[in-house]
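Novice: Note that the numbering used here has the sequence shown beginning at 43, numbered continuously upward.
Would you mind keeping the following structure in view while I ask a few things?
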Amino acid sequence: MKYKALFFDADGVLIKDKYLFSELLEREHGISKAKTLPFFTGVFKQCSLGQADLKEELLKVIVDWDWRGTVDELIDYWLSRGTEIDPEVADYISGLQKFGTRCFVATDQERYRGDFLEEILGAVNYETKK
Numbered sequence: 043m044k045y046k047a048l049f050f051d052a053d054g055v056l057i058k059d060k061y062l063f064s065e066l067l068e069r070e071h072g073i074s075k076a077k078t079l080p081f082f083t084g085v086f087k088q089c090s091l092g093q094a095d096l097k098e099e100l101l102k103v104i105v106d107w108d109w110r111g112t113v114d115e116l117i118d119y120w121l122s123r124g125t126e127i128d129p130e131v132a133d134y135i136s137g138l139q140k141f142g143t144r145c146f147v148a149t150d151q152e153r154y155r156g157d158f159l160e161e162i163l164g165a166v167n168y169e170t171k172k
């Protein structure tokens, strides 16, 4: 059976993250998971659903987290860590595309990560849709 289109989940399939972001903050910046957990189990879910803006919500917590930079620097740090495309999955997708299968990436990430993923995935010729 020839498929006309396939959707691949970004996180955990196409993109392999070694650590949760809260673990990176703790490991690399000494910001304990006890401080970040309320954010990630609370309002971050609203950010993922488009019901709250990540930057606005992070502005409310970064002082308590003892983050030493701006909110934009925190988001840049967040997006640039652990976002590695799995080369085997990428090759598999490329092979499918060569045979005419349209391939798409699906994700339920909040807006800033979604835009970031679209940018990096678009750089390797994947079809993306806002």
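Think of the CB as a built atom: it goes at the ideal place given N, C-alpha and C, for glycine as much as any other residue.
Specify, as a first and last residue, the run of the alpha helix (DSSP H) that V85 falls within.
Specialist: V85 to S90
Novice: Just to confirm before moving on: does the CB-CB distance between L121 and R153 stay below 8 Å?
Specialist: no
Novice: At which residues does the alpha helix (DSSP H) containing L121 begin and terminate?
Specialist: V113 to S122
Novice: Counting only runs that start and end within the segment 58–88, where is the alpha helix (DSSP H) found for 4 or more residues in a row?
Specialist: 63–71 and 75–83
Novice: In three-state terms, what does DSSP make of A47?
Specialist: strand
Novice: Could you please give the first and the last residue of the uninterrupted beta strand (DSSP E) stretch that includes R144?
Specialist: R144 to A148
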